[in-house]
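Colleague: Submitted below is the structure of interest, expressed as structure tokens.
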Amino acid sequence: MENKNGDDDPLVKLSDCLEELVNFTLYSHSQSPNLLNLSTQFCSTLLKHHPTNPLPSSHSQADSLDGVPLYPLYKRLASALLSCMESEAFCSTGCNLSMTNEFESSSMLHKHNEWHKLIVEKGSEIVNILKSVSFELHVQEPFFTQLKDGLKTIEGRCASGKYNRIELGNRILLNKSLVFEVQNVLEKFFQELKVLKKV
Numbered sequence: 110m111e112n113k114n115g116d117d118d119p120l121v122k123l124s125d126c127l128e129e130l131v132n133f134t135l136y137s138h139s140q141s142p143n144l145l146n147l148s149t150q151f152c153s154t155l156l157k158h159h160p161t162n163p164l165p166s167s168h169s170q171a172d173s174l175d176g177v178p179l180y181p182l183y184k185r186l187a188s189a190l191l192s193c194m195e196s197e198a199f200c201s202t203g204c205n206l207s208m209t210n211e212f213e214s215s216s217m218l219h220k221h222n223e224w225h226k227l228i229v230e231k232g233s234e235i236v237n238i239l240k241s242v243s244f245e246l247h248v249q250e251p252f253f254t255q256l257k258d259g260l261k262t263i264e265g266r267c268a269s270g271k272y273n274r275i276e277l278g279n280r281i282l283l284n285k286s287l288v289f290e291v292q293n294v295l296e297k298f299f300q301e302l303k304v305l306k307k308v
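With the working numbering applied, the sequence shown corresponds to residues 110 to 308, in that order.
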């Protein structure tokens, strides 16, 4: 996909990719445990599918915050994060607000304020990054993992269709979870080969 409309009509919406981003972040942390301040067991549990009773695919996002949790649990987390980011507030439900009122004099209020600040600041950063995306690509494995880990910087050429308009500085969203900025565009394939031969 290509963004022709500029920042007014972003190519990618937060609601379309937050679930994949949460999945990617938790999975990456379970592989490299120093990425987040969370235990790998906690992240793995969020990624697990329900062993006996997976919810049907017709289960709506709105329903996912009520009743039986949506499995895998990271989907529920992504849905709650999206709700917080859209409202620019942490714990905006009545139940959570009453719990917060109960702990006003404790460290719970301090934690609540920290989470609110994190949601507003980081949520805004994510939205701004997504607004700057010019192209969206799906990259199959093992190439996606190699790109993510920095083992590959070039995985081919985009020489046909809309992808021949990729320019220096464009941002490309890969698999709805990772944004790369174009550092160099080679005009011809033989120039790419020359660069590869020198390496």
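The beta carbon of each residue, even a glycine, is placed where N, CA and C say it ideally should be.
Small disclaimer: the values here were computed from a predicted structure and weren't measured.
(1) Restricting to Cα atoms, I'd like to know which of Gln-292, Leu-277 and Lys-257 is closest to Lys-285.
(2) Give a yes or no on whether the C-beta atoms belonging to Ile-235 and Arg-280 are separated by under 9 Å.
(3) State buried or exposed for Gly-278, treating a residue as buried only when at least 16 other CB atoms are found within 10 Å of its CB.
(4) Where Ile-275 and Gly-232 are concerned, what is the direct C-alpha to C-alpha distance, given to the nearest angstrom?
(5) Who does Glu-245 pair with in a DSSP beta bridge?
(6) Compute the Euclidean distance between the alpha carbons of Leu-287 and Pro-142, then round it to the nearest angstrom.
(7) For Val-288, does the three-state DSSP call read helix, strand or coil?
(8) Can you give me the Cβ contacts of Leu-246 inside the same chain, cut-off strictly under 7 Å, excluding the 5 residues immediately before and after it?
(9) Can you look up Ser-124 in the DSSP assignment and give me helix, strand or coil?
(10) What residues in its chain sit with their C-beta under 7 Å from that of Tyr-183, if we drop five residues either side in the sequence?
(11) Express the C-alpha separation of Ser-188 and Met-217 in angstroms, rounding to a whole number.
Modeller: According to the data block:
(1) The count along the sequence shown starts at 1 and reaches residue 285 at position 176. Comparing alpha carbon positions, the residue from Gln-292, Leu-277 and Lys-257 closest to Lys-285 is Lys-257.
(2) The count along the sequence shown starts at 1 and reaches residue 235 at position 126. The count along the sequence shown starts at 1 and reaches residue 280 at position 171. Cβ distance not < 9 Å, so Ile-235 and Arg-280 don't count as in contact.
(3) Position 169 of the sequence shown holds residue 278. Gly-278 is exposed by the Cβ-count criterion.
(4) The count along the sequence shown starts at 1 and reaches residue 275 at position 166. The count along the sequence shown starts at 1 and reaches residue 232 at position 123. Whole-angstrom Cα-Cα distance: 27 Å.
(5) As a position in the sequence shown, residue 245 is number 136, starting the count at 1. Glu-245 pairs with Leu-282.
(6) Translated into the one-based positions of the sequence shown, residue 287 becomes position 178. Translated into the one-based positions of the sequence shown, residue 142 becomes position 33. Taking the straight line joining both Cα atoms gives about 18 Å.
(7) Working through the sequence shown from its first residue, we reach residue 288 at position 179. Strand.
(8) The sequence position of residue 246 within the sequence shown is 137, counting from 1. For Leu-246, where only same-chain residues beyond five positions count, the Cβ hits under 7 Å are Ile-281 and Leu-283.
(9) Residue numbering aside, residue 124 sits at position 15 when the sequence shown is read from its first letter. The answer is helix: DSSP assigns Ser-124 an H, G or I state.
(10) Here residue 183 is taken as the residue at index 74 of the sequence shown, counted from 1. Cβ neighbours of Tyr-183 beyond the five flanking positions: Val-131, Asn-132, Leu-135, Leu-155 and Leu-156.
(11) What you label residue 217 is simply residue 108 of the sequence shown in a count that begins at 1. What you label residue 188 is simply residue 79 of the sequence shown in a count that begins at 1. So the alpha carbons of these two residues sit roughly 23 Å apart.
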